[in-house]
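Contents: one structure, followed by commentary.
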């Protein structure tokens, strides 16, 4: 078999590529991504093995490692790779994302920025040198807020700038679809986020939805050339086309300067080059694709007339550049726009300290941590076991870390730059702290302790232990539920739902009003009513399709399972599940129907597991108070028995004196 021959005369691009990944279980996807780079390199006439590509893992979620706990310090080997990066190199951050969400599984944007700051050499980047080039290969990495200012890409770019690192950060505006066979040959395909769930559910045909290099689907954040403190968003495909042209121009000029002919005809050559470059650089005006194509073809003919071969032009990137005009760079691409973010703005509150520092320093968390230390100091088997159940700032899978994660997730989803412990978490921890203090520190008498314990328990209704199932309320025949842990729903109107549930012998009932929900959620869900009605019109079609895939209609027709999530959002629980981003509610509901029951079960089982741990703590604290009460009663009873059996010291002395007196008189 004949071996391919590669160009020995043209110097290949020297830029190295570093892929930062957080999940070792995505190795197949990463390798397909790497093969894509090598295919492109080979198509340009170079040896694909010449490419320098490195993959590094700051942490690995497949091994339950997260940067929040593992830290942001690169290993020595990673520092060796990062510190050598220069403007011609490129970083790819691989993971999963969502609009308005500056987090990918494994790391928050602040943690990645700190990791890069500790690894790269800032002196390699800046004015006159070039920026650190980063591409975020995640779904919707550039979506969120006006001009994407609240997106992962924009926030990472902004924070790097505040840290003194000149960079460009590129992200997508659509969901990323990875096809392991397609990717190496043709690249990554994307789909509109609002269509993804409905395509997977079978409502739409997939072929027309998945696209490669879709127009207006990818943007780059950079600092404006006119004011380096102003963050701007530009069309990535236009930007990369410009960069490709500059490399092409440099290669042509270097080639022409090696010949006498080139020197004589530089004026005409520069005129063509400037026409193309000027059109591409005016990113506040639409591209004139017709002019660009015409000028580029003229450039090719001119170069051929000067003795540059077609093969040389191909290796310079001429063919790739010409092909990208109208496909990659289009007339309808994004124009440059300011995001409203400035480099000289102060750090956001959430950017000043790590999650670990901020959350653990909160008074409620500090008090819980202190109480756990008290339990450990008592050094009995029961208190040691209870301390392990609760955990502390140093522990892993426990109640403390659950509260920590809920707080962390709340702030990541809120995505407003502030760092707060939400009321429902703070209230829960404070109740827990009161309970532990009452059982193990309080000097109150035991009857008062028992009374206070009941009062604390009555406030923890949210954590009553129950495993949920869903039924239609009509089967109750206007009676109260008999089975525990079954949520009964009925639809009163398009806006109103009612539910009943029995937990621990108590009946809880409430109404879910969608019109009120939009008010309670601070205007974030103003389109919910319309989207809900829109999906309702597709309900039967969705039910028919999904039931054919093994899901029973009985499961799917309980719209209450959707409303539970909406209710949680309305109550201020910014849960990780529901529609927390700017994407349409129709898309969320579509995704929910693609994974109809598992999604809800996962959320509720997580709540149930959390409730079970809390119940263990409650039981231990109650047991401690009850035991203390029994010991006190036993001690009291023993004292009374001694009083009955043994005379009082005063009485004994009096009797002795009486007997002595009697004896004296007798004598």
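In the numbering used here, the protein residues as written are 5 to 671. A virtual CB, placed ideally from N, CA and C, is assigned to each residue, including glycine. Remember, predicted model here, so these are calculated numbers, not experimental data.
Leaving out five residues on either side along the sequence, give the residues of the same chain with a beta carbon under 7 Å from the beta carbon of residue i.
i: residue 228; result: 234 and 236
i: residue 430; result: 368
i: residue 85; result: 22, 58 and 60
i: residue 329; result: 293, 296, 297 and 300
i: residue 283; result: 291, 292, 295 and 296
Mapping the DSSP letters down to three states, classify residue i as helix, strand or coil.
i: residue 232; result: coil
i: residue 171; result: strand
i: residue 431; result: helix
i: residue 494; result: strand
i: residue 504; result: strand
i: residue 102; result: strand
i: residue 123; result: helix
i: residue 84; result: helix
i: residue 242; result: helix
i: residue 130; result: strand
i: residue 617; result: helix
i: residue 29; result: helix
i: residue 425; result: coil
i: residue 136; result: strand
i: residue 215; result: strand
i: residue 250; result: helix
i: residue 165; result: helix
i: residue 115; result: helix
i: residue 226; result: strand
i: residue 338; result: coil
i: residue 20; result: coil
i: residue 79; result: coil
i: residue 58; result: strand
i: residue 329; result: strand
i: residue 96; result: strand
i: residue 550; result: Reliability fails at residue 550, whose pLDDT of 39 lies under 50, so the model's placement of it is uncertain and the value that follows must be treated cautiously. Correct three-state label for residue 550: helix.
With a threshold of 7 Å, establish whether the CB of residue i neighbours any heavy atom of the ligand ADP.
i: residue 130; result: In the structure shown, the ligand ADP is absent, as is every other ligand, since no ligand is present at all.
Counting only the same chain and skipping the five closest in sequence on each side, list residues whose C-beta sits under 6 Å from that of residue i.
i: residue 624; result: 390
i: residue 238; result: 224, 287 and 340
i: residue 115; result: 71 and 76
i: residue 97; result: 24 and 140
i: residue 242; result: 333 and 337
i: residue 303; result: 276
Between residue i and residue j, which are expected to be in contact by the criterion C-beta below 8 Å, what is the C-beta distance as a whole number of angstroms?
i: residue 3; j: residue 87; result: Not covered by the structure: residue 3. The range shown for the chain is 5 to 671.
i: residue 146; j: residue 175; result: 3 Å
i: residue 26; j: residue 109; result: 6 Å
Starting from the C-beta of residue i, find all residues in its chain whose C-beta is less than 8 Å away, skip the five residues before and the five after it, and write them out in chain order.
i: residue 91; result: 128, 129, 133, 134, 135, 136 and 137
i: residue 150; result: 343 and 344
i: residue 348; result: 233
i: residue 325; result: 245, 248, 249, 252 and 300
Answer with buried or exposed for residue i, where buried requires no fewer than 16 other C-beta atoms within 10 angstroms of its C-beta.
i: residue 398; result: exposed
i: residue 154; result: buried
i: residue 350; result: exposed
i: residue 3; result: Outside the shown range of the chain (5 to 671) lies residue 3, about which nothing can therefore be said.
i: residue 3; result: This structure cannot settle anything about residue 3, because the visible part of the chain is limited to 5 through 671.
i: residue 63; result: buried
i: residue 106; result: buried
i: residue 144; result: buried
i: residue 164; result: buried
i: residue 478; result: exposed
i: residue 68; result: exposed
i: residue 247; result: exposed
i: residue 334; result: buried
i: residue 271; result: exposed
i: residue 81; result: exposed
i: residue 274; result: exposed
i: residue 278; result: exposed
i: residue 89; result: buried
i: residue 314; result: exposed
i: residue 321; result: buried
Q) Does the stretch 162-171 come close enough to the stretch 180-193 that 3 or more CB-CB pairs lie under 8 Å? A) no
Q.
Within 8 Å, do at least three Cβ pairs link the stretch 450-460 to the stretch 373-389?
A. no
Q. Below 8 Å, can you find three or more Cβ-Cβ pairs linking the stretch 407-415 to the stretch 361-375?
A. yes
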